[in-house]
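Undergrad: Got a structure for you, questions after.
Protein chains: 2
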Amino acid sequence: MTIKTQPNLQNLSSHFEESTPLVQPKIDGQSRYGWLAAMLRARITQGEWVPGSALPAESALAKQLGVALGTMRQSIAVLVAEGLLERQHGRGTFVRAGLGGASMLRFFRFRQGGDLAAVPASHILKRSYMKANAPTAEALGLEVGTLVLSLLRLRSLGGEPCLLEQLWLPLPTFEPLAASDTSEWDDLLYPMYQRVCGVTVHRAEDTLRFDVLNATQARHLGLATAAPCVRVERRAFDMAGQCIERRCTWGDAHAFNYTLNIH
Amino acid sequence: MTIKTQPNLQNLSSHFEESTPLVQPKIDGQSRYGWLAAMLRARITQGEWVPGSALPAESALAKQLGVALGTMRQSIAVLVAEGLLERQHGRGTFVRAGLGGASMLRFFRFRQGGDLAAVPASHILKRSYMKANAPTAEALGLEVGTLVLSLLRLRSLGGEPCLLEQLWLPLPTFEPLAASDTSEWDDLLYPMYQRVCGVTVHRAEDTLRFDVLNATQARHLGLATAAPCVRVERRAFDMAGQCIERRCTWGDAHAFNYTLNIH
DNA sequence: CAGTGGTCTAGACCACCGC
DNA sequence: CGGTGGTCTAGACCACTGG
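Residue numbers (the numbering used here), protein chains in the order written: chain A, 6 to 268; chain B, 6 to 268.
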């Protein structure tokens with residue numbers, strides 16, 4: 006006769022009053038690995054293990070939660086597929102550090118000298134508080150008119166301007182960026198969001214459109230007014246799925262170049 | 006003591022002289038499921054199971070090949086991830102029918118009346134034999150100057166032209182398309198490739214660029230000469246990874262709209 | 001070397017499908 | 001109902017990493 010052991014929930018009662026309970030009820034009809042994955046997901050998004058750090062060994066987790074090793078592995082595989090975790094043979098299972106290479110350059114061919122991994126220099130042209138208009142409010146899940154932090158930013162490669170960006174960031178999360186000296190900022194924003202504001206960008210959604218430059222945009226990019234451009238509207242999300250950045254990027258349409266695979 | 010059984014290779018010797026041997030040597034260092042996947046892949050791409058048909062049950066395959074069920078499942082999972090197979094709970098494991106919804110419309114917003122799944126009507130403007138130029142030869146893996154079949158095609162939604170396409174197809178594979186009445190052709194080419202030429206389009210690679218229309222293109226699309234457009238260059242591949250179509254598609258840049266997710 | 005994830009086994013039982 | 005894929009177990013052994 007086979008005795009089906011029940012998962013073991015002890016040692017998990019130290020947290021309470023969290024937004025997502027760390028010990029979740031097993032929804033009827035849900036697989037055990039799906040339920041394990043949901044619990045791990047909650048513990049990760051709530052910061053029990055910070056991005057870049059290692060989880061306990063799968064064997065330890067399996068024993069702690071009272072499930073078989075294979076089941077534990079399956080639940081971890083779910084989170085790896087979601088991009089939340091990363092496994093390294095012989096080293097451990099790690100919380101992913103967040104998006105690094107989400108460069109807008111992926112949509113353009115400004116590459117000079119074959120340097121595909123070049124990071125364009127960043128120059129903040131303007132920083133201001135601003136009332137959210139309808140698209141920004143909708144993106145960030147705020148009421149129209151809520152105060153947000155807005156940035157105007159020019160990115161250059163080899164001294165040549167290539168991309169113009171406007172960003173809208175919710176408060177008070179990004180309040181730390183309102184005071185610091187913009188000339189000291191990094192060329193990459195997302196690692197800085199993490200370091201300065203404690204926000205990890207885990208996923209982004211980019212929408213591409215054709216557009217023409219207005220006079221101000223054209224001046225910044227060194228192009229003619231009404232020159233054709235590609236406009237990328239991005240929404241970036243943290244690990245909990247909350248949108249924490251709206252961004253519009255403009256680049257010369259003649260430099261546009263993007264390849265994708267269809268399966 | 007544990008006795009490690011050796012995989013069983015009997016009942017697989019009926020084919021020989023194939024381009025990829027159905028019974029492959031197990032490369033040293035390769036996992037058993039990787040080796041099983043390679044053998045299944047060869048049997049699929051060589052037509053042992055035609056697209057849309059079912060494979061034997063995983064339990065039968067595992068027994069036939071002398072491996073544990075879990076190992077068999079893992080090898081099938083590889084091919085599912087590659088898009089070669091599709092599993093349906095309670096029904097079976099099937100060879101995927103090929104790309105159907107690879108419409109170029111994904112890049113444009115011509116949708117009228119919210120009908121997102123509308124298939125634009127197809128009209129063949131021209132069909133001719135042509136010597137492959139450098140880009141076409143490179144794409145199809147032919148010598149420059151090799152004869153290929155070329156098509157000029159206009160796609161319309163609600164009577165309004167929206168996309169202009171030129172295609173280059175290798176011979177003799179697509180010879181059957183050279184004779185038939187083009188007014189009888191389907192609106193979707195890929196299912197027709199499969200039915201008429203026995204070619205399954207399994208994967209495609211699309212490269213997007215900004216361009217302007219020449220006079221002829223503009224006339225067909227009902228736009229002005231030199232109007233801004235987006236040009237999509239596609240290479241389509243069969244199950245064996247061979248490029249079997251080169252295609253250029255032009256559409257109004259103002260209708261361009263594409264969203265992608267970054268992880 | 002100890003500790004990690006990766007592979008593989010041989011079972012059991014469950015959930016879904018179509019007849 | 002029989003046949004399919006999906007879940008889960010409790011082990012064993014392998015391969016990689018780092019001190």
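Think of the CB as a built atom: it goes at the ideal place given N, C-alpha and C, for glycine as much as any other residue.
Considering only residues of the same chain and omitting the five flanking positions on each side of B:LEU45, which have a CB-CB separation below 7 Å?
TA: So the list reads SER80 and LEU84, once near-sequence residues are dropped.
Undergrad: At a CB distance below 8 Å, what residues from the region 94-108 of chain A approach chain B? Give them in sequence order.
TA: So the close ones are LEU104 and ALA107.
Undergrad: Only counting the same chain, and skipping five residues up and downstream in sequence, which positions put a Cβ closer than 7 Å to that of A:LEU265?
TA: Hits under 7 Å: none found.
Undergrad: Could you name the residues of the same chain whose beta carbon sits closer than 6 Å to that of A:ASP216, not counting the 5 residues immediately before and after it, in chain order?
TA: So the qualifying residues of the chain are CYS234 and ARG236.
Undergrad: Measuring straight from C-alpha to C-alpha, what distance separates B:LEU60 and B:LEU104?
TA: Rounded to whole angstroms, B:LEU60 to B:LEU104 spans 20 Å at the Cα level.
Undergrad: Where does the unbroken beta strand (DSSP E) through B:MET207 begin, and where does it stop?
TA: First, the residue type needs correcting, since residue 207 of chain B is His and not Met in the sequence shown. Element bounds for B:HIS207: 206-217.
Undergrad: Rounded to a whole number of angstroms, what is the C-alpha to C-alpha distance between A:THR178 and A:CYS202?
TA: When rounded, the distance between both Cα atoms is 6 Å.
Undergrad: With B:PRO177 as the anchor, note down where its alpha helix (DSSP H) starts and where it stops.
TA: It is not in any alpha helix (DSSP H) - B:PRO177 carries neither H nor E in the DSSP assignment.
Undergrad: Note down, in chain order, every chain A residue with its Cβ under 8 Å from the Cβ of B:ALA258.
TA: What B:ALA258 touches in chain A: PHE215, PRO233 and ALA258.
Undergrad: Starting from the C-beta of B:GLY39, find all residues in its chain whose C-beta is less than 8 Å away, skip the five residues before and the five after it, and write them out in chain order.
TA: Excluding residues within five positions, the ones whose Cβ falls inside 8 Å are SER80 and VAL83.
Undergrad: Can you give me the C-alpha to C-alpha distance between A:LEU159 and A:TYR195, rounded to a whole angstrom?
TA: Approximately 16 Å, taken between the alpha carbons.
Undergrad: Have a look at B:PHE242, B:LEU90, B:MET77 and B:SER188 and flag the residue whose alpha-carbon is nearest the alpha-carbon of B:PRO175.
TA: Considering only alpha carbons, the answer is B:PHE242.
Undergrad: Work out the CA separation of B:LEU213 and A:TYR263 for me, nearest whole Å.
TA: Cα to Cα, A:TYR263 sits roughly 5 Å from B:LEU213.
Undergrad: If you draw a straight line from the alpha carbon of B:PHE21 to that of A:ARG37, how long is it in whole angstroms?
TA: Because B:PHE21 sits at a pLDDT of 37, beneath the cut-off of 50, its placement in the model cannot be relied upon, and the following sentence gives the value as read from the coordinates. Answer to the nearest angstrom: the Cα atoms are 46 Å apart.
Undergrad: Are the C-beta atoms of B:ILE267 and some chain A residue less than 8 Å apart?
TA: Yes, because at least one Cβ of chain A sits closer than 8 Å to the Cβ of B:ILE267.
Undergrad: For the region 202-229 of chain A, enumerate the residues whose C-beta is nearer than 7 Å to any C-beta of chain B, in chain order.
TA: Those residues of the region 202-229 of chain A that come within reach of chain B (Cβ to Cβ, closer than 7 Å) are ARG208, ALA209, GLU210, ASP211, THR212, LEU213, ARG214 and PHE215.
Undergrad: Would you call A:GLY256 buried or exposed, if buried means 16 or more other Cβ atoms sit within 10 Å of its Cβ?
TA: Counting Cβ neighbours within 10 Å, A:GLY256 comes out buried, since at least 16 surround it.
Undergrad: Taking 8 Å as the threshold (C-beta atoms), are B:MET109 and B:LEU168 in contact?
TA: Cβ atoms of B:LEU168 and B:MET109: closer than 8 Å.
Undergrad: Count the other CB atoms, across all protein chains shown, that sit within 10 Å of the CB of B:TYR134; report buried if there are 16 or more and exposed otherwise.
TA: With fewer than 16 other Cβ atoms within 10 Å, it is exposed.
Undergrad: Going by beta carbon distance, what residues of the same chain come within less than 6 Å of A:GLY246, once the five residues before and after it are set aside?
TA: Cβ neighbours of A:GLY246 beyond the five flanking positions: none.
Undergrad: How far does the alpha helix (DSSP H) with A:THR151 in it reach, from first residue to last?
TA: Element bounds for A:THR151: n/a, residue is neither H nor E.
Undergrad: Can you list, in chain order, the residues of its chain with a C-beta nearer than 8 Å to that of B:ASN138? Leave out the 5 residues immediately preceding and following it.
TA: If we look at B:ASN138 and ignore the five residues flanking it on each side, its Cβ neighbours are VAL149.
Undergrad: Could you compute how far the alpha carbon of A:MET244 sits from the alpha carbon of A:ARG208?
TA: Their Cα atoms are separated by approximately 8 Å.
Undergrad: Nearest-angstrom Cα distance between B:PHE115 and B:ARG96?
TA: If you take the alpha carbons of B:PHE115 and B:ARG96, they lie about 38 Å apart.
Undergrad: Along chain B, which residues have their Cβ under 9 Å away from the Cβ of A:GLY88?
TA: Per Cβ cutoff of 9 Å: HIS268.
Undergrad: 8 Å is my cut-off, CB to CB: does A:THR264 come that close to chain B?
TA: Yes, A:THR264 lies at the interface with chain B (some Cβ there is under 8 Å from its Cβ).
Undergrad: May I ask which residues mark the beginning and end of the alpha helix (DSSP H) holding A:TRP40?
TA: Where A:TRP40 is concerned, the enclosing alpha helix (DSSP H) stretches over 37-50.
Undergrad: Below 8 Å CB to CB, which residues in the same chain sit around A:LEU152 once its five sequence neighbours on both sides are set aside?
TA: Around A:LEU152: TYR134, MET135, LYS136, ALA137 and LEU176.
Undergrad: Which of the three DSSP states is assigned to A:LEU194 in this structure?
TA: In the structure shown, A:LEU194 sits in a helix (DSSP, three-state: H, G or I).
Undergrad: Can you tell me whether B:VAL72 is helix, strand or coil according to DSSP?
TA: It is coil, neither helix nor strand.
Undergrad: Mind checking which residues open and close the alpha helix (DSSP H) that includes A:GLU91?
TA: Looking at the DSSP string, A:GLU91 is not in any alpha helix (DSSP H); the run it does join, the beta strand (DSSP E), is 90-93.
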